[in-house]
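Using my numbering, the letters of the sequence shown map in sequence onto residues 52 to 467.
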Amino acid sequence: MGHLHNRNIIIGVTGGIAAYKIAELTRLLRGDGAAVRIIMSRGAQAFITPLTLQSLSGHPIHTELLDETAEMGMGHIELARWADAFLVAPATADAVARLAAGRADDLLTTAALATPAPLFVAPAMNQQMWNNPATSANIQTLINRGVNIIGPGAGDQACGDVGPGRLTEPVDISAKINAHFPNRALEGKRVVITAGPTREPLDPVRYISNHSSGKMGFALAKAAAEAGAETILIAGPVMLSTPEGVTRLNVETAGQMHEACIEQIHKPTDVFIGSAAVADYRAEFSAPQKIKKVGDTLNLNLIRNPDIITEVAKSKHRPTVVVGFAAETEHLVEHAEAKRVAKGLDVVVANDVSRADIGFNSDANMVTWLDNIGREVIPLTTKQNLAKLLMMRCSKRLSPTSDNDEKMATQLEGDR
Ligand code: C5P
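#1: What are the partner residues of PRO169, as DSSP defines its beta bridges?
#2: Across which residues does DSSP place PHE323 in a beta bridge pair?
#3: First and last residue of the alpha helix (DSSP H) that includes MET91?
#4: Could you pull out every residue in the same chain whose Cβ sits closer than 6 Å to the Cβ of VAL398, ignoring the five residues on either side in sequence?
#5: Rounded to whole angstroms, what's the CA-CA distance from THR114 to LEU130? Just pull it up for me.
#6: Contact between the region 333-342 and the region 250-261 is defined here as three or more beta-carbon pairs at a separation below 8 Å; is this criterion met?
#7: Measure from the alpha carbon of ILE359 to the alpha carbon of each residue in LYS394, PRO339, GLY346, then state which is nearest.
#8: Is MET176 helix, strand or coil by DSSP?
#9: At the level of alpha carbons, what is the spacing between ALA230 and GLY63?
#10: I'd like to confirm something about ASN356: is its beta-carbon nearer than 6 Å to some heavy atom of ligand 1, or not?
#11: If LYS434 and MET267 are in contact, beta carbons under 8 Å, what's the gap, nearest whole angstrom?
#12: Could you check whether the Cβ of GLY325 sits closer than 6 Å to any heavy atom belonging to ligand 1?
#13: What number of angstroms, rounded off, separates the C-alpha of GLU122 from the C-alpha of ALA95?
#14: Can you have a look at CYS312 and say buried or exposed, based on whether 16 or more other CB atoms are within 10 angstroms of its CB?
#15: In angstroms with no decimal places, state the Cα-to-Cα distance between THR361 and VAL329.
#16: Using CA atoms only, rank isn't needed, just tell me which of ALA286, GLU427, PRO255, ALA276 is closest to ILE342.
#17: Quick one: does the C-beta of PHE376 sit closer than 6 Å to a heavy atom of ligand 1?
#18: Roughly how many angstroms separate the alpha carbons of SER225 and PRO111, rounded to a whole number?
#19: Okay, do the region 257-277 and the region 210-218 touch, 3+ Cβ pairs below 8 Å being the bar?
#20: State whether the region 150-170 contacts the region 69-86, with contact taken as three or more CB pairs (one from each stretch) at a distance under 8 Å.
#21: Any idea if ASP83 is buried or exposed, counting beta-carbon neighbours within 10 angstroms, 16 or more meaning buried?
#22: Would the region 377-385 count as touching the region 433-450 if we require 3 or more Cβ pairs under 8 Å?
#23: Which of helix, strand or coil does DSSP assign to HIS110?
#24: Just to confirm, does ILE61 get its C-beta within under 6 Å of one of the non-hydrogen atoms of ligand 1?
#25: Output the residue ranges of the beta strand (DSSP E) runs that lie fully inside the region 180-243 and measure 3 residues or longer, sorted by chain position.
#26: Who are the near neighbours of ILE283 in its chain, counting only those whose CB is closer than 6 Å to its CB and skipping five residues on each side?
#27: Alpha carbon to alpha carbon, what distance is there between ASP321 and ALA305?
#28: Measuring only the C-alpha atoms, how far is ARG448 from VAL372?
#29: Can you give me the C-alpha to C-alpha distance between LYS344 and VAL302, rounded to a whole angstrom?
#30: Grouping DSSP H, G and I as helix and E and B as strand, with all else coil, what is ASN59?
#31: Would you mind giving the Cβ-Cβ distance between PHE269 and PRO294, rounded to the nearest angstrom? I have them listed as a contact below 8 Å.
#32: Is PHE98 helix, strand or coil when you go by DSSP?
#33: What span of residues does the beta strand (DSSP E) with LEU421 cover, start to end?
#34: Since ALA401 sits in a beta bridge, which residues does DSSP pair it with?
#35: Express the C-alpha separation of SER366 and ALA460 in angstroms, rounding to a whole number.
#36: Could you spell out the range, first to last residue, of the alpha helix (DSSP H) harbouring ASN436?
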């Protein structure tokens, strides 16, 4: 069951070039279980067709304030009351001004004024318009009134300018909406996560290791604990503090991590996530004293470490959902899917480590989720947001989805 299950969200779309991004946002919010209804201003309809958003939201688009047939279906006050969250995205400079002034001369502003739900506004406009003191004053008015302003981001703009005013990416808007609602989707569940590198000793002072920072695994543990799960984090040597509510077990070697994992899954476990970068090999013999430099070459005999996640997935104590990570430098999807099947995993989260801006040591990540149903790219976002999304997806796998969700997933898979 998605985190936004039983939540009603209105998106008010106004006329900006970024209106097309609402297609993706609608898909993400529905994927989290929300019911989404969309109000489009006249300007918005020049940028994206109501039919597109109708198909994706699964509901007719609301456009007119004084429309008899619409009022007979769901009137504007009823619509405003229906919402648990009301989001205006993209919000043009004009929309921001009209919301700040409390106007009610079209359906969008009337519903925004009439809703008891919290209001979120994601502005998108030319950087000069955003920096104009008139817009700043309007934004300040909205903030003073308790409105949640999302973004805007900065960067290249459709008009050729560079600066602040880009619509925040849909995945990040969706994370803000998710964060607003208390999330206890993993209440009563047990989650075991591995994180960080392992260290394989060569002698008392040297070891073989890798650059894994552990950030992704720690973010996952934080998200799991926040969602109510009993969370065990089996961590290799990293300089990160333990997230609140997480039980941390520190290990050094792959052998110790292996032992800790096998011991942990003896207790019935719902989700196991292997995000650790486990060393594949260790020195056959770790020298009891510091190795002296004697010759021009030194041969080390390395032997294979156990594949922890494979053993977990094939164990008679197998957790319900087993998720692995795959860092690939080429043929991302093919290699990751082969790994999923070979290791007996339910899900593989694949990332392209040939890119310096994502993965290993960075704070952001862009991954592909692969499971038995298909695959989906989760666009670039922070590891914290990504962790929340991944934990929500795991919780959905634990509670079978409703028919409608299933149908939607199939339809979207087909659309892609
Ligand atoms: O085979 P590869 O190392 O690419 O697989 C990555 C996945 O397998 C990750 O989920 C990682 O945590 C897990 N793994 C493991 N034990 C190993 C090697 C990898 O659990 N010895």
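Backbone N, C-alpha and C define an ideal beta-carbon position, used for all residues, glycine too.
So, from the listed chains and residues:
#1: Looking at the DSSP assignment, PRO169 forms no beta bridge with any residue, so it has no partner.
#2: VAL243, VAL373
#3: That residue, MET91, is in no alpha helix (DSSP H); its beta strand (DSSP E) goes 86-91.
#4: VAL374, ASP422
#5: 12 Å
#6: yes
#7: LYS394
#8: coil
#9: 20 Å
#10: yes
#11: 5 Å
#12: yes
#13: 21 Å
#14: buried
#15: 12 Å
#16: PRO255
#17: yes
#18: 21 Å
#19: no
#20: no
#21: buried
#22: no
#23: coil
#24: no
#25: 204-207, 213-217
#26: VAL243, THR298, GLN315
#27: 23 Å
#28: 7 Å
#29: 29 Å
#30: strand
#31: 6 Å
#32: helix
#33: 415-421
#34: ALA377, THR419
#35: With a pLDDT of only 36 at ALA460, under 50, the local geometry of the prediction cannot be trusted, and the value read off the model is given with reservation. Looking at the two C-alpha atoms, the distance is approximately 30 Å.
#36: 434-449
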